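Novice:
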Amino acid sequence: MNIDIYADILCPWCYIGKRRLSAALALLDRRDEVCVTWRSFELSPDQSRTPGPSAAEEILEWRGKQEGAARIERIRTLGAAEGLELNLHLARPVNTFDAHRLVHLAAANGLADAMMERLLHAYHTEGLSVADLAVLIRLGTQVGLAGDKVRATLEADEFTVETRRDEQGASALGVTGVPTLIIDGGQPLPGIQSLEDLARLFAARLADGRGAEHD
7 MNIDIYADIL CPWCYIGKRR LSAALALLDR RDEVCVTWRS FELSPDQSRT PGPSAAEEIL
67 EWRGKQEGAA RIERIRTLGA AEGLELNLHL ARPVNTFDAH RLVHLAAANG LADAMMERLL
127 HAYHTEGLSV ADLAVLIRLG TQVGLAGDKV RATLEADEFT VETRRDEQGA SALGVTGVPT
187 LIIDGGQPLP GIQSLEDLAR LFAARLADGR GAEHD
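Here our numbering is used: the first residue of the sequence shown is 7, the next is one more, and so on.
Laid out in structure tokens, this is it:
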């Protein structure tokens, strides 16, 4: 079974969804028959590379003080239930294009999941800028990539084509938000589902044979 996950580092729901996805996959008896691929999706492709207002400040501006505060608390609470510390007051939205290229580099070295995890933690928990070259080099080396390779990749245009191809694929599939799951090339499915629902979905797909072929 092939699972493509369209996600963006800026999205706290993607971090929550990643935790639930991992937990659901861990429940499968046939986990080794599942191939997970992270796909690039920029929520704010025109976002500056320079950090500005925090995610919490932006939510309050967009939704108003009362509704915004309730949304911030809901995200924090749901994250905590998954063992995550989501600090929206520290996270400052930035352009994520280079971060997505870094995930593609990591994927080429079998480290995509670890790289996505480290980026999400860096942004949502530590409040680091995932548009900063020095930060990305450090995060890359922490998951096992060579620092000089990360620098060379990000200072050039490597994996630009792959990142744009993911984004074009998302558009062609009708993906408009993240996290979104595509199972074996099927229709887009919401990535935010309960652990139980995800586990049932994956088990059913494997049982009916549609997950028999994988990379």
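We treat Cβ as the ideally placed atom computed from N, Cα and C, and that holds for glycine.
On a predicted model such as this, the values are computed, not experimentally measured, just so you know.
Using the three-state DSSP reduction, which class does leucine 204 fall into: helix, strand or coil?
Specialist: In this structure, leucine 204 counts as helix in the three-state DSSP scheme.
Novice: Around the Cβ of aspartate 14, are there at least 16 other Cβ atoms within 10 angstroms (buried) or fewer (exposed)?
Specialist: Classification for aspartate 14: buried.
Novice: Does the structure place the segment 138-154 close enough to the segment 167-176 that three or more beta carbon pairs sit under 8 Å?
Specialist: Counting Cβ pairs under 8 Å, fewer than three are found: no touch.
Novice: May I ask you to report which of helix, strand or coil DSSP gives threonine 83?
Specialist: Threonine 83: helix per DSSP, three-state reduction.
Novice: Extract the residue ranges of the beta strand (DSSP E) inside the segment 154-206, only unbroken runs of 3 or more that lie entirely within it.
Specialist: Taking only runs of at least 3 residues, the beta strand (DSSP E) segments lying wholly in the segment 154-206 are 186-189.
Novice: Do glutamate 164 and arginine 107 have their CB atoms nearer than 8 Å?
Specialist: Yes.
Novice: Which ranges does the alpha helix (DSSP H) cover as unbroken runs of at least 4 residues, wholly within the segment 8-82, from first to last along the chain?
Specialist: Counting whole runs of 4 or more residues, the segment 8-82 contains the alpha helix (DSSP H) stretches 18-32, 61-69.
Novice: Under 8 Å, with one C-beta from each stretch per pair, do the segment 34-54 and the segment 64-76 reach the 3-pair mark?
Specialist: With a cut-off of 8 Å, the segment 64-76 and the segment 34-54 do not count as touching, because too few Cβ pairs lie within range.
Novice: Looking at C-alpha atoms only, which residue of Trp68, Val109, Ile9, Gly133 is the closest neighbour of leucine 160?
Specialist: Of the listed residues, the one whose Cα sits closest to leucine 160 is Val109.
Novice: Taking all protein chains shown into account, decide if valine 26 is buried (16 or more other Cβ within 10 angstroms of its Cβ) or exposed.
Specialist: Reading off the sequence, residue 26 comes out as arginine, not valine. Buried, because 16 or more other Cβ atoms sit within 10 Å of the Cβ of arginine 26.
Novice: Return the first residue and the last residue of the alpha helix (DSSP H) that valine 136 is part of.
Specialist: Unbroken run through valine 136: none, as it is neither H nor E.
Novice: Here's a check: name, in chain order, each residue in its chain whose Cβ is nearer than 8 Å to the Cβ of asparagine 115, leaving out the five neighbours to either side.
Specialist: The answer, listed in chain order, is Gly150, Leu151.
Novice: Could you work out which residue in Leu31, Leu34, Ala61 is closest to serine 135 when comparing CA atoms only?
Specialist: Comparing Cα-Cα distances from serine 135 to each of Leu31, Leu34, Ala61, the minimum goes to Ala61.
Novice: For a test of the three-state rule: what should DSSP assign to histidine 227, helix, strand or coil?
Specialist: Nothing can be reported for residue 227: it is not among the residues displayed for the chain, which extend from 7 to 221.
Novice: Using a Cβ-Cβ cut-off of 7 Å (strictly less than) and excluding sequence neighbours within five positions of isoleucine 78, which residues of its own chain qualify?
Specialist: So the qualifying residues of the chain are Ala62, Ile65, Leu94.
Novice: Let me know the secondary structure DSSP gives glycine 104 once reduced to three states.
Specialist: The sequence as given places aspartate at residue 104; glycine does not occur at that position. In this structure, aspartate 104 counts as helix in the three-state DSSP scheme.
Novice: Measuring only the C-alpha atoms, how far is glutamate 202 from glutamate 39?
Specialist: Their backbone Cα atoms lie some 19 Å apart in a straight line.
Novice: Which residues mark the beginning and the end of the alpha helix (DSSP H) in which arginine 124 is found?
Specialist: Where arginine 124 is concerned, the enclosing alpha helix (DSSP H) stretches over 118-130.
Novice: Nearest CA to the CA of threonine 182: which residue from Gly192, Gly191, Asp190, Pro196?
Specialist: It is Pro196.
Novice: Out of Thr147, Leu84, Gly215, which one is the CA nearest neighbour of tyrosine 21?
Specialist: Ranking Thr147, Leu84, Gly215 by Cα distance to tyrosine 21 puts Leu84 first.
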